[in-house]
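This report concerns only the one structure given below.
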Amino acid sequence: MGFVDNMIKRSRLKSPWIVHFDCGSCNGCDIEVLACLTPMYDVERFGVVNAGNPKHADVLLVTGTVNHRNRHVLKQIYEQMPSPKAVVSIGACNLSGGVFKDTYNVLNGAHTIIPVDVYVPGCPPKPEAIIDGVVQALGVLKAKMGLGPQPAPTYMPGDADGTPDMTPNADSAPEQNPGTPQQNAG
Amino acid sequence: MLTIFSAIGGLILAPLAGGLLTGLDRRITARLQSRIGPPLLQPFYDILKLLGKEPLTTNAWLVFSAYITLISSALALLIFFMGGDLLLLFFVLTVGAVFQVVGAVCVPSPYSNVGAQRELLLMLAYEPILILVFVGFAMCTGSFSIAAVFHLEQPLLLKMPLLFLALGYALTIKLRKSPFDIAASHHGHQELVRGVQTEYSGPYLALIEVAHWLDLILILGLCAMFWHTSFVGMAVLVGASLFTEILIDNITARLTWQWMVQKKSLLLGMGLALVNLLWLYVA
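Top to bottom, those sequences are chains A and B. Each residue of the first sequence is one higher than the one before, starting from 56 at the first, in the numbering used here. Each residue of the second sequence is one higher than the one before, starting from 232 at the first, in the numbering used here.
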């Protein structure tokens with residue numbers, strides 16, 4: 056069975072099916088995500104298929120500002136994906152809330168709700184950056200399967216001051232009470 | 232005894248051939264859209280990955296339906312390779328299609344349910360054509376046995392050209408290709424999120440996909456039967472059918488079900504088939 060296991064592990068890296076969830080963004084990031092599927096970039100070369108269904112997908116691409124209304128949906132989509140899975144957070148709003156950071160109705164990033172593996176900054180990021188983010192997510196999957204070295208932890212740009220809840224891959228991230236905006240002091 | 236062993240051998244080779252043809256299909260499709268496309272072995276990577284995923288299901292019926300779909304596809308192919316009975320093959324094939332619908336309606340997901348309703352309409356469209364094609368086989372050979380075709384001296388294509396075209400309709404529907412692809416939305420993933428296959432995930436989706444490969448081999452095998460006298464003829468017929476299907480898939484928009492069932496399939500497909508049968512009866 057060692058051979059079959061090995062084949063399955065290698066196949067995982069060759070067929071990352073994505074599901075794309077827009078938490079209410081301005082559509083800029085979403086257009087860039089879909090641009091990756093066009094003949095110009097053609098990510099199907101690497102086996103990437105836009106599955107549009109969390110139950111079929113391996114990689115979750117999240118864009119847009121996470122707020123109190125859609126955080127349940129985001130969590131549910133994440134939980135519907137069968138393991139092994141990876142999460143790529145795309146765009147300024149999804150990383151930290153962007154221009155809406157610390158407003159009363161916005162949570163500061165998807166990492167407050169689900170464990171994020173890769174951050175892709177930008178407003179919006181270029182399709183090349185998004186493809187690179189998916190490739191990095193595959194590196195994370197590879198490390199989880201014990202096939203490669205653990206990638207260096209990525210911090211959100213501008214938030215690398217080491218506050219514990221800003222660390223990606225922190226298992227504790229979803230358990231923290233996401234309902235209260237953390238820095239809404241005033 | 233030899234027939235059984237060769238049929239089982241064929242059954243083992245069929246998923247490999249089906250996967251390769253699917254990979255070729257994806258590559259040709261990509262080229263038609265001026266893309267590079269995935270590697271030829273991509274369908275195998277997909278299947279292996281799906282088999283290795285965590286098995287999550289909504290209920291046990293879904294798992295049962297996935298297994299029955301695969302078993303009935305495999306059984307239909309086995310009957311075909313053993314030169315068995317066409318009517319038996321038809322019924323076994325129908326069981327698989329019905330269980331896909333059963334699997335899709337046993338969950339509360341609206342996408343899955345809409346997909347199931349559409350799958351029933353698709354069955355309404357292709358099953359009469361398929362059975363008329365089998366009646367055509369029987370009128371030419373005098374028996375419903377597949378092996379009887381090989382006793383004919385002339386290729387069936389000369390006697391049943393219109394039935395071959397009608398089989399093309401059934402092929403397009405069964406392969407979930409574009410103008411008729413309303414139940415699973417194979418390429419337009421966003422509209423129905425795979426319709427009847429929405430709720431299957433991980434290993435069970437892999438079973439459904441392998442069943443689809445076996446169906447592909449079976450239908451292409453039926454196409455090959457129309458020119459049984461030469462291997463070159465079979466290859467030409469299969470290659471031409473498959474390429475035409477891929478081309479049609481890429482240049483057509485999807486039809487609404489009313490169009491598909493009433494005008495395209497029932498009128499045109501059945502019309503072609505009936506004219507051909509009438510001709511066989513008179514000649």
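From the three backbone atoms N, C-alpha and C, an ideal C-beta is built for every residue, glycine too. Keep in mind that this is a model prediction, so the values were computed, not measured.
| task | Taking ASP155(A) and THR120(A) to be in contact with their CB atoms under 8 Å, please state how far apart those CB atoms are, rounded to whole angstroms. | result | The displayed chain sequence assigns Phe, not Asp, to residue 155(A). Contact holds; Cβ gap of about 5 Å.
| said: Does PHE76(A) come out as helix, strand or coil in the three-state DSSP assignment? | reply: PHE76(A) falls in the strand class under three-state DSSP.
| query | Going along the segment 86-108 of chain A in order, which residues come within less than 7 Å of chain B, judged by CB to CB distance? | reply | Listed by position along the chain: PRO94, ASP97, GLU99, ARG100, GLY102, ASN105, ALA106, GLY107 and ASN108.
| Where SER528(B) falls: helix, strand or coil (DSSP) | Look at the range of chain B in this structure, 232 to 514, and you will see that residue 528(B) is not part of it.
| task | Indicate the three-state DSSP secondary structure (helix, strand or coil) for TYR174(A) in the structure shown. | result | The answer is strand: DSSP assigns TYR174(A) an E or B state.
| request: Run down chain A in chain order and give the residues with a C-beta less than 9 Å from the C-beta of ALA261(B). | output: The contacting residues are PRO94, ASP97, GLU99 and ARG100.
| message | Just to make sure I have the definition right: I need the residues of chain B whose C-beta is within less than 8 Å of the C-beta of ILE63(A). Which are they? | response | By Cβ distance, chain B contributes LEU279, LYS280, LEU282 and GLY283.
| said: For the segment 465-479 of chain B against the segment 305-314 of chain B, do three or more pairs of beta-carbon atoms, one drawn from each stretch, fall closer than 8 Å, so that the two count as touching? | reply: No, the segment 465-479 of chain B does not touch the segment 305-314 of chain B.
| request: In the DSSP assignment, find the alpha helix (DSSP H) that holds ILE439(B) and state where it starts and stops. | output: Residue range 434-455 is occupied by the alpha helix (DSSP H) that includes ILE439(B).
| message | Measuring CB atoms only, is the segment 377-390 of chain B touching the segment 322-329 of chain B, in the sense that at least three cross pairs come out at less than 8 Å? | response | Touching, no, given that fewer than three Cβ pairs across the two stretches are closer than 8 Å.
| query | With distances taken between CB atoms, is the gap from VAL189(A) to PRO71(A) smaller than 8 Å? | reply | Contact flag set, yes.
| task | Identify the contact partners of THR403(B) in chain A, using a Cβ-Cβ distance below 9 Å as the criterion. | result | Neighbours of THR403(B) on chain A: none; closest Cβ ~22 Å, over 9 Å.
| task | Can you grab the Cα-Cα spacing for the pair ASP220(A) / THR167(A), in whole Å? | result | The predicted model places ASP220(A) with a pLDDT of 47, which falls under 50 and marks its position as unreliable; any figure quoted below should be read in that light. Rounded to the nearest whole angstrom, the CA to CA distance from ASP220(A) to THR167(A) is 8 Å.
| field | Neighbourhood of ASP316(B) by C-beta distance below 8 Å, restricted to the same chain and skipping five residues each side | value | Apart from the 5 residues on each side of it in sequence, ASP316(B) sits with its Cβ closer than 8 Å to the Cβ of ILE310, PHE375, SER376 and ILE377 in its chain, given in chain order.
| query | HIS123(A) CB to nearest chain B CB: under 8 Å? | reply | HIS123(A) does not count as touching chain B.
| said: Just checking: is the beta-carbon of ARG67(A) within a distance shorter than 8 Å of some beta-carbon in chain B? | reply: Yes, because at least one Cβ of chain B sits closer than 8 Å to the Cβ of ARG67(A).
| query | What in chain B is Cβ-close to SER80(A), meaning under 9 Å? | reply | Neighbours of SER80(A) on chain B: none; closest Cβ ~17 Å, over 9 Å.
| task | Kindly list the residues whose CB is nearer than 7 Å to the CB of LEU202(A), restricted to its own chain and excluding five residues on each side of it in sequence; keep chain order. | result | Sequence-distant partners of LEU202(A) (beyond 5 residues in either direction) whose C-beta falls short of 7 Å from its own C-beta, in its chain, are LYS64.
| Whole-Å CB distance - LEU115(A) paired with ASN105(A), under 8 Å assumed | Not really, about 12 Å apart at Cβ, beyond 8 Å.
| message | In the DSSP assignment, the beta strand (DSSP E) including ILE145(A) goes from what residue to what residue? | response | If you look at ILE145(A), you'll find it in the beta strand (DSSP E) that goes 141-145.
| Between PRO179(A) and GLY152(A), which are expected to be in contact by the criterion C-beta below 8 Å, what is the C-beta distance as a whole number of angstroms? | Distance from PRO179(A) to GLY152(A) at the Cβ level is roughly 15 Å; contact not present, criterion being Cβ atoms closer than 8 Å.
| task | Quick one: give me the first and last residue of the alpha helix (DSSP H) that VAL506(B) is part of. | result | Here the alpha helix (DSSP H) through VAL506(B) covers 501-513.
| message | Would you say PRO182(A) lies against chain B (beta-carbon separation less than 8 Å)? | response | Nearest CB-CB separation between PRO182(A) and chain B: not below the 8 Å threshold.
| query | Cα separation between LEU352(B) and ILE362(B)? | reply | Rounded to whole angstroms, LEU352(B) to ILE362(B) spans 16 Å at the Cα level.
| message | I need the straight-line Cα distance from ARG262(B) to THR158(A), nearest angstrom please. | response | About 48 Å.
| So SER66(A) and LEU279(B) are in contact, right, with Cβ under 8 Å, and what is the actual spacing, rounded? | Right, the Cβ-Cβ distance comes to about 4 Å (below 8 Å), so this counts as a contact.
| query | Between the segment 254-274 of chain B and the segment 465-472 of chain B, do three or more beta carbon pairs fall short of 8 Å? | reply | The segment 254-274 of chain B is not in contact with the segment 465-472 of chain B.
| request: Given a cut-off of 8 Å, decide if LEU388(B) and TRP444(B) are closer than it, judged by their beta-carbon atoms. | output: The beta carbons of TRP444(B) and LEU388(B) sit no closer together than 8 Å.
| Whole-angstrom distance between LEU150(A) and ASN122(A), CA atom to CA atom | Roughly 13 Å between the two C-alpha positions.
| List, in order along the chain, the chain A residues whose C-beta lies closer than 9 Å to that of GLY268(B)? | Here the neighbours are ASP97, GLU99 and ARG100.
| query | Taking the C-alpha atoms as reference points, what is the distance between PRO286(B) and ALA504(B)? | reply | PRO286(B) and ALA504(B): Cα-Cα distance of roughly 44 Å.
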